[in-house]
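In the numbering used here, the protein residues as written are 83 to 143.
All remarks here apply to the structure that follows.
Structure below.
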């Protein structure tokens with residue numbers, strides 16, 4: 083399983099590129115390309131963020 087630190091490092095690497103090369107960065111960090119693209123574009127959040135939001139919504143009821 084890919085660690086959250088690896089995904090963050092990959093996203094930081096993409097931020098430094100003028101034209102993001104998702105395929106190469108995904109290979110370098112052993113991350114699925116589609117997962118990297120979705121996380122980079124903000125389509126998906128990390129499991130930790132989603133769980134935190136879920137519990138926060140439950141406690142605000």
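Cβ coordinates follow ideal geometry from the N, Cα and C atoms, glycine included.
Fair warning: this is a prediction, and the values are worked out from it, not measured in the lab.
*How many whole angstroms separate the CB atoms of residue 105 and residue 115, which I take to be in contact at a CB cut-off of 8 Å?*
With a contact defined as Cβ atoms closer than 8 Å, residue 105 and residue 115 qualify at about 6 Å.
_Just to confirm the assignment: which complete beta strand (DSSP E) runs, minimum length 3, are found wholly within the region 106-131?_
Correct list: empty.
*residue 84 and residue 113: beta carbons closer than 9 Å?*
Yes, the pair counts as a contact, with Cβ atoms nearer than the cut-off.
*residue 103 by DSSP, collapsed to three states: which one?*
Looking at residue 103 - three-state DSSP - the assignment turns out to be coil, as it is neither helix nor strand.
*asked:* Could you compute how far the alpha carbon of residue 138 sits from the alpha carbon of residue 86?
replied: Near 21 Å, if we compare the C-alpha coordinates of residue 86 and residue 138.
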